[in-house]
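Chains as they are written, first to last, in the working numbering: chain A, 493 to 872; chain B, 389 to 699.
One structure is given here, and the rest of the page talks about it.
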Amino acid sequence: MRPSARSVLRVPQPPAHCALLLRALADPLSLRHLGPAEWDLLVRVARRARLHGILHARLVACDAIGAVPDRPLAHLESGAAVARYRLQLALLEQHHLARVLTPLGVPLVLLKGGAYAAQELPFAVGRPLNDLDFMVPAAQVERVEATLRQAGWHSDVDDPYDERYYREWSHEVPPLVGPNRALEVDLHHTILPPTSRLRPDAARLFADAEPLPGSPFRVLAPVDQVLHAAVHLMQDIDASERLRDLVDIDGLLRCFGARPRFAADLLAHAAHHGLQRPLWYAVHFARAWLDTPLDAGLARCLEEWAPREPALACMQALITATVFPMHPDRGRTATRHLAWHLLRMRAMWMRMPAGLLMRHAASKLGRKIRAQRQAASTAG
Amino acid sequence: MNIAELPVADVRRRLLNEGLSLDCGLIRARVRSAAPGLAEALHRLYGAFPLDGCTGFHDVTATLRLQRNWRNRGSAEVQFLLDGDAPFEALPAATHLPMLEWGLNWCIASRCHRHLLLHAGVVARAGLGVLIPAVPGSGKSTLTAALASRGYRLLSDEFGVVRLRDHRLLPLVRPISLKNESIAALARFAPEAVIGPTFRSTRKGDVAHVAPTRESVAARNEAAVPALVLFPQFSRGAALSVEAVDDGLAFVKISGNSFNYELLGERAFEAVARLVQGCRCYRITYSNMEEVVAAVGALLDERVQPLAVGQ
């Protein structure tokens with residue numbers, strides 16, 4: 493661990509059952525001498541975190557895959573095969589999207605996993621893609637969505653309230669699925685809901701986006717990719733077992749950190765978009781738990797944005813309790829459950845003004861009660 | 389030492405504590421549970437399996453958790469827990485073994501992508517494999533059980549596992565799951581077969597399991613060379629009919645019956661193509677188990693002779 497930054501030293505220890513996984517991610521060669529019981533726990537924890545495909549890729553990259561015993565290796569290979577397949581689906585989807593959307597002349601910006609794969613970032617090999625996220629300017633969303641629907645994409649959201657939630661208060665339209673395809677497409681117009689307390693400047697994100705050679709798609713500027721990953725880690729509604737978000741941040745910082753002007757751009761963009769706090773937390777946790785290298789000058793500048801006590805202690809406790817995969821034999825503890833709820837409430841609070849939040853909570857509660865009554869009446 | 393040599397009380401104690409290890413060849417499962425009756429059922433059906441410790445590497449760690457459903461008058465249920473997650477709805481507590489078997493099936497189908505996985509029964513005679521791919525209700529398990537109780541080695545009742553490296557069939561030895569009338573039919577056909585308790589009115593009807601023979605369990609790590617592919621169809625009162633299926637149709641039927649054909653892509657295409665080229669494929673309609681076992685024996689003999697001549 494790096495002793496440079498004052499606050500890093502005070503980060504709580506990760507749970508003991510995750511120690512092997514964290515060590516494996518930072519130093520895959522350390523896995524060469526594990527015993528069968530250690531492999532057992534490592535594979536189960538890595539699969540819970542959906543990081544077993546990544547682990548496979550890292551072992552291959554450092555030529556240590558041959559030292560993995562056969563049975564655990566089968567699971568790592570399985571994770572890698574799933575990731576490869578999801579990547580294939582994502583590339584196919586990109587192809588279809590490009591075919592339909594290129595004539596519109598609208599900027600198309602790939603986000604998250606799809607963007608990492610398109611840039612062939614080494615850290616993302618073996619990373620399983622859930623869906624394909626991309627972003628177009630807010631003014632063009634309706635046109636893009638209409639074009640996709642006309643070309644056969646459809647949405648499975650049929651609840652009027654959910655539909656309205658997406659349309660009015662969210663930063664994406666309901667997930668779309670192409671004809672005879674399984675991978676969902678998430679069409680965004682910015683990286684946080686427009687109702688959020690933090691409001692990144694979407695126009696700047698588009699202006700700073702960079703072209704991808706040989707593709708009609710663009711990707712966010714490297715520093716904006718870091719900021720987006722940080723926002724994802726710190727602001728998402730479901731905070732459970734988000735270690736892979738942290739692995740993304742670690743990977744992006746390792747990939748892009750050595751580029752000229754990276755530190756200056758990261759600081760400037762974070763300040764411009766008002767994302768200093770999520771960035772500070774993301775970097776803080778990545779350095780503490782994944783040993784992410786950071787330029788000393790950048791680390792010093794970031795310290796100015798450190799949260800004050802007791803907010804810091806509180807967030808550290810909550811993130812430490814939720815971000816790691818749970819122990820496969822012990823399941824969800826009461827502490828984890830409570831921390832998850834608190835983070836969820838925080839994320840909701842950060843995403844919606846109080847009035848809207850009350851309305852949303854009331855509506856969700858009403859629907860839950862109605863659904864339970866309905867279930868009880870059909871069961872009885 | 390195998391599980392049958394352990395007193396049932398010790399099986400129960402293991403299930404309650406460190407877990408009972410089930411070594412099925414391709415996968416090794418660690419099972420924990422307090423469900424009443426499960427120890428007896430496992431003792432009978434997994435009796436021929438080796439008694440291993442639970443400390444080494446296991447591919448699956450599953451807990452059948454007993455719980456009460458207060459929305460249904462506090463009835464006892466079992467929940468299949470996999471590394472802390474519950475992927476399915478709970479079932480009545482008395483359905484413990486079917487729940488465990490279905491849960492293991494789900495784990496295998498979602499985790500074993502190193503190999504091509506087909507929904508198929510597999511048996512072998514003298515190292516030559518008979519692959520029996522089928523949709524549910526076609527009499528696959530009945531035919532597999534019939535062959536397994538007439539000298540064939542059981543590789544699997546549920547998964548045709550094709551190793552991508554050499555396209556051989558890998559064993560995944562577990563009890564054969566029979567449904568409804570086929571339970572009594574097999575008991576009549578093979579009175580010596582070890583059949584477990586019948587679980588009435590599950591979501592698949594009545595279910596009972598046939599224990600794999602000691603020889604099948606002992607050979608749980610020995611691959612077989614695929615020689616025959618049989619697409620079975622049980623049809624009450626039907627005369628036995630055996631029709632050759634051409635390579636193209638066989639390819640479509642086999643690839644369409646896989647759990648991970650699309651996921652494995654080109655390697656799966658290659659494996660199915662090699663399988664079809666290396667095997668003779670037949671559609672086999674039957675109602676009488678004696679007749680169908682004799683017919684399969686004859687088809688396999690035809691495969692052995694050219695091989696013997698070639699040597």
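In this text, a Cβ means the ideal position worked out from N, Cα and C, and glycines have one as well.
Owing to the predicted nature of the structure, the values given are computational and were not obtained by experimental measurement.
With 16 as the cutoff for other CB atoms within 10 Å, does residue i come out buried or exposed?
i, result
"Trp-531 of chain A", "buried"
"Leu-404 of chain B", "exposed"
"His-829 of chain A", "exposed"
"Leu-596 of chain A", "exposed"
"Cys-669 of chain B", "buried"
"Ile-415 of chain B", "buried"
"Val-640 of chain B", "exposed"
"Ile-729 of chain A", "exposed"
"Met-726 of chain A", "buried"
"Glu-690 of chain B", "exposed"
"Lys-528 of chain B", "buried"
"Gln-467 of chain B", "buried"
"Leu-495 of chain B", "A quick correction: the sequence has Cys, not Leu, at residue 495 of chain B. So Cys-495 of chain B counts as buried."
"Pro-520 of chain A", "buried"
"Val-523 of chain B", "exposed"
"Leu-688 of chain B", "buried"
"Glu-679 of chain B", "exposed"
"Gln-808 of chain A", "buried"
Among the options, which one has its Cα closest to the Cα of residue i?
i, options, result
"Arg-588 of chain B", "B:Arg-402, B:Leu-479, B:Pro-475, B:Asp-398", "B:Leu-479"
"Arg-591 of chain A", "A:Cys-806, A:Leu-804, A:Pro-708", "A:Pro-708"
"Arg-538 of chain B", "B:Ile-520, B:Pro-585, B:Glu-580", "B:Glu-580"
"Asp-700 of chain A", "A:Val-601, A:Leu-584, A:Thr-594, A:His-852", "A:Val-601"
"Gly-743 of chain A", "A:Phe-754, A:Trp-797, A:Thr-594, A:Thr-784", "A:Thr-784"
"Ala-643 of chain A", "A:His-588, A:Lys-856, A:Arg-619", "A:His-588"
"Ala-533 of chain B", "B:Arg-553, B:Leu-504, B:Arg-576, B:Gly-491", "B:Arg-576"
"Asp-545 of chain B", "B:Ala-682, B:Asn-493, B:Ala-464, B:Gly-593", "B:Asn-493"
"Ala-497 of chain B", "B:Val-448, B:Ile-520, B:Ile-391, B:Ser-526", "B:Val-448"
"Ala-680 of chain A", "A:Pro-770, A:Gly-706, A:Pro-561, A:Phe-698", "At residue 680 of chain A the sequence reads His, which differs from the Ala that was named. Of A:Pro-770, A:Gly-706, A:Pro-561, A:Phe-698, the residue nearest in Cα terms is A:Phe-698."
"Glu-654 of chain B", "A:Cys-806, A:Ala-573, A:Val-665, A:Leu-526", "A:Ala-573"
Taking a contact to mean a Cβ-Cβ separation below 8 Å, would you say residue i touches residue j in this structure?
i, j, result
"Leu-430 of chain B", "Leu-408 of chain B", "yes"
"Leu-835 of chain A", "Leu-514 of chain A", "no"
"Phe-615 of chain A", "Cys-510 of chain A", "no"
"Leu-523 of chain A", "Ala-556 of chain A", "yes"
"Arg-591 of chain B", "Val-561 of chain B", "no"
"Gly-472 of chain B", "Gly-605 of chain A", "no"
"Pro-449 of chain A", "Leu-735 of chain A", "There is no way to answer for residue 449 of chain A, as the model of chain A reaches only from 493 to 872."
"Gly-435 of chain B", "Ala-599 of chain B", "yes"
"Val-684 of chain B", "Leu-618 of chain B", "yes"
"Ala-573 of chain B", "Ile-583 of chain B", "no"
"Ala-612 of chain B", "Leu-516 of chain B", "yes"
"Val-549 of chain B", "Leu-616 of chain B", "no"
"Arg-540 of chain A", "Glu-733 of chain A", "yes"
"Leu-790 of chain A", "Leu-758 of chain A", "yes"
Give the range of the alpha helix (DSSP H) segment to which residue i is assigned.
i, result
"Leu-492 of chain B", "484-499"
"Ala-508 of chain A", "Run containing Ala-508 of chain A: none; DSSP gives neither H nor E here."
"Met-842 of chain A", "826-843"
"Gln-632 of chain A", "Unbroken run through Gln-632 of chain A: none, as it is neither H nor E."
"Ala-755 of chain A", "754-765"
"Thr-530 of chain B", "528-536"
"Phe-587 of chain B", "Segment 587-590 is the beta strand (DSSP E) holding Phe-587 of chain B; no alpha helix (DSSP H) there."
"Cys-747 of chain A", "735-748"
"Asp-625 of chain A", "Not the alpha helix (DSSP H): Asp-625 of chain A falls in the beta strand (DSSP E), residues 623-627."
"Gln-665 of chain B", "654-666"
"Gly-571 of chain A", "562-593"
Tell me where the beta strand (DSSP E) around residue i begins and ends.
i, result
"Gln-467 of chain B", "463-470"
"Ile-811 of chain A", "Careful: Ile-811 of chain A lies outside any beta strand (DSSP E), inside the alpha helix (DSSP H) at 803-814."
"Lys-567 of chain B", "564-567"
"Ser-409 of chain B", "408-411"
"Leu-613 of chain A", "Unbroken run through Leu-613 of chain A: none, as it is neither H nor E."
"Glu-631 of chain B", "629-632"
Check whether the segment 620-631 of chain B touches the segment 597-612 of chain B, taking contact to mean three or more Cβ pairs, one atom from each stretch, closer than 8 Å. no
Count Cβ pairs between the segment 546-565 of chain B and the segment 478-494 of chain B that sit closer than 8 Å; are there 3 or more? yes
Does the segment 681-699 of chain A come into contact with the segment 624-637 of chain A, if we say contact requires no fewer than three beta-carbon pairs (one atom in each stretch) closer than 8 Å? yes
The segment 818-834 of chain A touching the segment 541-559 of chain A, judged by at least three CB pairs closer than 8 Å: no
Three or more beta-carbon pairs under 8 Å between the segment 705-720 of chain A and the segment 757-765 of chain A, yes or no? yes
Please determine if the segment 857-864 of chain A and the segment 502-521 of chain B are in contact, where contact requires at least 3 C-beta pairs separated by less than 8 Å. no
Does the segment 550-569 of chain A come close enough to the segment 606-613 of chain A that 3 or more CB-CB pairs lie under 8 Å? no
For the structure I just gave you, are there three or more beta carbon pairs, one from the segment 499-506 of chain B and one from the segment 631-648 of chain B, closer than 8 Å? yes
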